[in-house]
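Residue numbers (the working numbering): 144 to 240. See below for the structure under consideration.
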Amino acid sequence: MSSVIEKEISSLVGIGFYETEDCVIADAMGALLEKKPEMRREIAVNLYKNGEVSLWKASEIARMNLEEFKDVLSYRGIKIKVGGTKEESDARLKEVF
Numbered sequence: 144m145s146s147v148i149e150k151e152i153s154s155l156v157g158i159g160f161y162e163t164e165d166c167v168i169a170d171a172m173g174a175l176l177e178k179k180p181e182m183r184r185e186i187a188v189n190l191y192k193n194g195e196v197s198l199w200k201a202s203e204i205a206r207m208n209l210e211e212f213k214d215v216l217s218y219r220g221i222k223i224k225v226g227g228t229k230e231e232s233d234a235r236l237k238e239v240f
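Right, dumping it as C-alpha cells:
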C-alpha cells in the first residue's frame, strides 16, 4: 500500500471517522463491491472454487440466488460440490427451526 493511502487511512481514524484502520478498509471494500458487483461475484466464485466456502455461502457472497450462482459455475465449467461444512449446515437448520 502506498504511503499516501496509509496516511489517508490513518487520518480517517485520527479524526474519528473510524475506530480502526481495519474499519476503514472494510468500508472501502464494501463501497467498491457495491459499485462493481461483478467483483463480488468473482470473489464468490474464487472462494467456492478453492473450497473456502460452501455453495450456499458463495451464492450469498455473490448476492445471487442459488440457482443463478449454479448457472455461473456451470457456464465456467466449475463442478458443483455436494454438501457444506457442518457449521454451515447447523446454522441453516437453526434458521429454519
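Don't be surprised by glycine CBs; every beta carbon is placed ideally from N, CA and C.
Specify, as a first and last residue, the run of the alpha helix (DSSP H) that residue i falls within.
| i | result |
| --- | --- |
| R219 | No alpha helix (DSSP H) contains R219, which DSSP labels as neither H nor E. |
According to DSSP, simplified to helix, strand and coil, what is residue i?
| i | result |
| --- | --- |
| R184 | helix |
| Y191 | helix |
| G159 | coil |
| K200 | helix |
| M172 | helix |
| S145 | coil |
Count the other C-beta atoms from every protein chain shown that fall within 10 angstroms of the C-beta of residue i, then say buried if there are 16 or more, exposed otherwise.
| i | result |
| --- | --- |
| D168 | In the sequence as presented, Asp is not what sits at residue 168; that position holds Ile. So I168 counts as exposed. |
| L175 | exposed |
| F212 | buried |
| I204 | buried |
| A201 | buried |
Quick check: what's the CA-CA separation for residue i versus residue j?
| i | j | result |
| --- | --- | --- |
| G220 | T163 | 41 angstroms |
| C166 | V225 | 35 angstroms |
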